[in-house]
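Engineer:
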Amino acid sequence: MKKIISICKGDGVGPEVVNEGIKLLKVIADHSDFEFEFQEAPAGGSIWKETGESLPEKSFEIIKNSDALLFGAIGIPGLPQGIAESAILKIRQGLDLYINLRPIKLYDALRDRCPLKDEFIGKGIDITFVRENTEGIYKNIGYLKEEEAQNVMLYTRIGCERIIKYAYEFAKKNGHSKVTSVDKANILKTSQLWRSIFHAMAVQYPDLKTEDIYIDAFCQWLIRAPYSYETVVTENMFGDIISDEGAFLIGSLGMASSGNIHPGKVSMYEPIHGSAPDIAGKGIANPIGTLLSVKLMIQESFGQEAIGNEIENAVEDTLNEGRTIDIKNDALKTLSTHEMGNLISEKLRDRLKK
Ligand code: IPM
Ligand code: MN
2 MKKIISICKG DGVGPEVVNE GIKLLKVIAD HSDFEFEFQE APAGGSIWKE
52 TGESLPEKSF EIIKNSDALL FGAIGIPGLP QGIAESAILK IRQGLDLYIN
102 LRPIKLYDAL RDRCPLKDEF IGKGIDITFV RENTEGIYKN IGYLKEEEAQ
152 NVMLYTRIGC ERIIKYAYEF AKKNGHSKVT SVDKANILKT SQLWRSIFHA
202 MAVQYPDLKT EDIYIDAFCQ WLIRAPYSYE TVVTENMFGD IISDEGAFLI
252 GSLGMASSGN IHPGKVSMYE PIHGSAPDIA GKGIANPIGT LLSVKLMIQE
302 SFGQEAIGNE IENAVEDTLN EGRTIDIKND ALKTLSTHEM GNLISEKLRD
352 RLKK
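2 is the number of the first residue of the sequence shown in our numbering; add one for each residue after it.
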């Protein structure tokens, strides 16, 4: 099974973590029917400085002609607001990647790094945020003038229906009992449209419980009873915010993975942590967010559930042996990006050999 994977390492810690992702993919190729060809598609702040474009046309062509995109992180200090970010938005909009899948799972080994007391962790945290990824204020409609500025939050029925449908199907496929919709329907008209669609569709899923909750209350309940959520579907901006909150609950932003997905089309997989310029080049970034994004790629784009699960198992095994500094535990070895990546790759190799 030959797959072309476009690679955008980006800025800051991006190259460091993506290199570990590539290493993992090579291990998979060694022990499965996969054959991967990697094609670099530069994007972000550094390339903008060189070329004046944060997503050069040539890069976008490479991405469009690949089977999936592995993305690191973009952004360098001192750039005007929005320059580097626009590359991500162009990819999301340009490829119509309307689903942003963001799993938040607290591994047992990392309970010591969860900022919550045990009573709030309860039976554990295993939530998947399904973030709408192409509409809302991210459509970038508006203006900035001297005395005022405006952003338009636009949602279409089709846009709401397809993401909510995906969330219900995701919950069903994964044996979840409940789908939670997060909105602000007491204020926003877009949320009123969203909520009516969420409830209208619920009748097609009689086995799933549904609940809706306002975003402000949800931010509280996410730290108060995180164990009570399974599939959580929400609009673009709310999803951006709650996924960072959720990521710290699992020990570190460095642990959190994501898939920007359009089923059946080229999709993009990236850790959610960003370029972290303060630690860039030091070799200490946590590669797990990227490795778990590779897991999502293997499962969501290439349909190989079992290999993806082995990646997750390899990650979990490693957490009992050593840690990068963001999740450090004094009883365990502190590892560099590279060492952590090597250890996980070797564990995956052992698992795939069997
Ligand atoms: C994210 C990021 C992006 C977003 C930025 C970099 C455009 O914060 O993926 O969560 O706002 O969606
Ligand atoms: Mn974000």
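Virtual Cβ for every residue (Gly too), placed ideally from N, Cα, C.
Quick test of your reading: V267 and S60, contact by CB under 8 Å. State the CB separation rounded to the nearest angstrom.
Structural biologist: Mapped onto the sequence shown, residue 267 falls at position 266. Mapped onto the sequence shown, residue 60 falls at position 59. The Cβ separation is near 13 Å, so there is no contact.
Engineer: Would you report the Cα separation of E162 and F199, rounded to the nearest angstrom?
Structural biologist: The sequence position of residue 162 within the sequence shown is 161, counting from 1. The sequence position of residue 199 within the sequence shown is 198, counting from 1. Each residue's Cα considered, the two are about 8 Å apart.
Engineer: Inspect the CB distances between the stretch 108-116 and the stretch 163-177 and report whether three or more fall short of 8 Å.
Structural biologist: No, the stretch 108-116 is not in contact with the stretch 163-177.
Engineer: Is any non-hydrogen atom of the ligand IPM found closer than 8 Å to the C-beta of Y139, if you look at the structure I gave you?
Structural biologist: As a working note, residue 139 is residue 138 in the sequence shown. At least one heavy atom of the ligand IPM is nearer than 8 Å to the Cβ of Y139, so yes.
Engineer: Answer yes or no: do C9 and L70 have a C-beta to C-beta separation smaller than 9 Å?
Structural biologist: Start at 1 with the first residue of the sequence shown, and residue 9 comes out as number 8. Start at 1 with the first residue of the sequence shown, and residue 70 comes out as number 69. Yes; because the gap between Cβ atoms is below 9 Å, this pair is in contact.
Engineer: In its own chain, which residues sit with a C-beta less than 6 Å from the C-beta of K334, not counting the 5 before and 5 after it?
Structural biologist: Within the sequence shown, numbered from 1, the residue matching residue 334 stands at position 333. G323.
Engineer: Given a cut-off of 9 Å on the beta-carbon distance, is the pair A248 and M256 in contact?
Structural biologist: On the sequence shown, residue 248 is found 247 positions in, with the first residue counted as 1. On the sequence shown, residue 256 is found 255 positions in, with the first residue counted as 1. It is a contact, given that the beta carbons lie within the stated cut-off.
Engineer: Per DSSP, V183 forms a beta bridge with which residues?
Structural biologist: Numbered from its first residue, the sequence shown carries residue 183 at position 182. I214, T235, per the DSSP bridge assignment.
Engineer: For a quick check, are the C-beta atoms of G282 and E41 less than 9 Å apart?
Structural biologist: Your numbering for residue 282 matches position 281 in the sequence shown. Your numbering for residue 41 matches position 40 in the sequence shown. Their beta carbons are not under 9 Å apart, which means G282 does not touch E41 by this criterion.
Engineer: Per DSSP, which one or two residues make a beta bridge with M269?
Structural biologist: Counting from 1 along the sequence shown, the entry for residue 269 is found at position 268. Beta-bridge pairing links M269 to L70, N261.
Engineer: Quick one: residues in its chain with C-beta nearer than 6 Å to the C-beta of L293, no 5 flanking neighbours on either side, listed in chain order?
Structural biologist: Taking the first residue of the sequence shown as 1, we reach residue 293 at position 292. If we look at L293 and ignore the five residues flanking it on each side, its Cβ neighbours are S258.
Engineer: Label I345 either buried or exposed according to how many other C-beta atoms from any shown protein chain fall within 10 Å of its C-beta, with 16 as the threshold for buried.
Structural biologist: Mapped onto the sequence shown, residue 345 falls at position 344. That one is buried.
Engineer: So does S244 have its beta carbon nearer than 8 Å to some heavy atom of the ligand MN?
Structural biologist: The residue you call residue 244 lines up with position 243 of the sequence shown. The answer is yes for S244.
Engineer: Looking only at its chain, what residues have a beta carbon closer than 6 Å to the beta carbon of E54, apart from the 5 residues adjacent to it on each side?
Structural biologist: Locating residue 54 in the sequence shown gives position 53, counting from the first residue. Contacts found: none.
Engineer: Please give the ranges of any alpha helix (DSSP H) in the stretch 89-160, keeping only runs that are unbroken, at least 4 residues long and fully inside the region.
Structural biologist: For the stretch 89-160, whole alpha helix (DSSP H) runs of length 4 or above, ordered along the chain, are 119-122.
Engineer: Identify whether I84 lies in helix, strand or coil by the three-state DSSP scheme.
Structural biologist: Residue 84 sits at position 83 when you count from the first residue of the sequence shown. I84 falls in the coil class under three-state DSSP.
Engineer: Going by C-alpha distance, which of S229, K354, G284, L353 is nearest T129?
Structural biologist: Locating residue 129 in the sequence shown gives position 128, counting from the first residue. Comparing Cα-Cα distances from T129 to each of S229, K354, G284, L353, the minimum goes to S229.
Engineer: Could you give the distance in angstroms between the alpha-carbon of A186 and the alpha-carbon of Q193?
Structural biologist: As a position in the sequence shown, residue 186 is number 185, starting the count at 1. As a position in the sequence shown, residue 193 is number 192, starting the count at 1. Looking at the two C-alpha atoms, the distance is approximately 5 Å.
Engineer: For W195, which residues from the same chain have a beta carbon less than 6 Å from its beta carbon, with the 5 sequence-adjacent residues on both sides left out?
Structural biologist: On the sequence shown, residue 195 is found 194 positions in, with the first residue counted as 1. Around W195: C161, D184.
Engineer: Quick check: what's the CA-CA separation for A150 versus I142?
Structural biologist: As a first step, residue 150 is located in the sequence shown; it is residue number 149 there, counting from the start. As a first step, residue 142 is located in the sequence shown; it is residue number 141 there, counting from the start. Rounded to whole angstroms, A150 to I142 spans 11 Å at the Cα level.
Engineer: Name the residue from K329, A307, P278 whose alpha carbon lies nearest to the alpha carbon of G13.
Structural biologist: Taking the first residue of the sequence shown as 1, we reach residue 13 at position 12. Closest by alpha carbon: P278.
Engineer: Run the CB neighbour count on V204, radius 10 Å, all protein chains shown included, and call it buried at 16 or more, exposed below.
Structural biologist: Your numbering for residue 204 matches position 203 in the sequence shown. V204 is exposed by the Cβ-count criterion.
Engineer: Answer yes or no: do G15 and G73 have a C-beta to C-beta separation smaller than 9 Å?
Structural biologist: Walking along the sequence shown from the start, residue 15 turns up at place 14. Walking along the sequence shown from the start, residue 73 turns up at place 72. Yes, Cβ-Cβ distance for G15 and G73 is below 9 Å.
Engineer: Write down every uninterrupted run of the alpha helix (DSSP H) in the stretch 15-80 whose length is 4 residues or greater and which is fully enclosed by it, in chain order.
Structural biologist: You should have 15-31, 46-52, 58-65.
Engineer: Within the present structure, is the beta-carbon of G275 separated from the nearest heavy atom of the ligand MN by less than 8 Å?
Structural biologist: Taking the first residue of the sequence shown as position 1, residue 275 is located at position 274. Result yes, Cβ under 8 Å from the ligand MN.
Engineer: Could you check if G46 is buried or exposed, using at least 16 other CB atoms within 10 Å of its CB as the buried criterion?
Structural biologist: To locate residue 46, count along the sequence shown from 1; it is residue 45. Per the 10 Å Cβ criterion, buried.
Engineer: Assuming the contact rule is C-beta atoms closer than 8 Å, A85 and G79 should be a hit. Round their C-beta distance to whole Å, please.
Structural biologist: Walking along the sequence shown from the start, residue 85 turns up at place 84. Walking along the sequence shown from the start, residue 79 turns up at place 78. Not a contact, Cβ separation roughly 11 Å.
Engineer: From this set, R350, L353, M341, K348, which residue's C-alpha is nearest V19's C-alpha?
Structural biologist: Mapped onto the sequence shown, residue 19 falls at position 18. For V19, the nearest C-alpha among the options comes from M341.
Engineer: Look up G11 in the DSSP assignment and give the residues it is bridged to.
Structural biologist: Taking the sequence shown and counting its residues from 1, one reaches residue 11 at position 10. G11 pairs with A74.
Engineer: Assuming M2 is part of the alpha helix (DSSP H), what are its boundary residues?
Structural biologist: Here residue 2 corresponds to residue number 1 of the sequence shown, with the count starting at 1. Segment: none, M2 is in no alpha helix (DSSP H) and carries neither H nor E.
Engineer: When the cut-off is 9 Å and only beta carbons count, does S33 lie next to chain C?
Structural biologist: Absence of chain C from the displayed structure is noted, only one protein chain being present.
Engineer: Near Q94, what residues of its chain come up, given a Cβ to Cβ distance below 7 Å and the 5 sequence neighbours on each side ignored?
Structural biologist: In the sequence shown, counting from the first residue as 1, residue 94 sits at position 93. Excluding sequence neighbours, Q94 sits near T135.
Engineer: Is it buried or exposed for R114, if we count other Cβ within 10 angstroms and need 16 for buried?
Structural biologist: The sequence position of residue 114 within the sequence shown is 113, counting from 1. Buried, by the Cβ-count rule.
Engineer: If you count every other CB in all the chains shown that lies within 10 Å of the CB of N101, and 16 or more means buried, which is it?
Structural biologist: Here the question's residue 101 lines up with position 100 in the sequence shown. N101 comes out buried.
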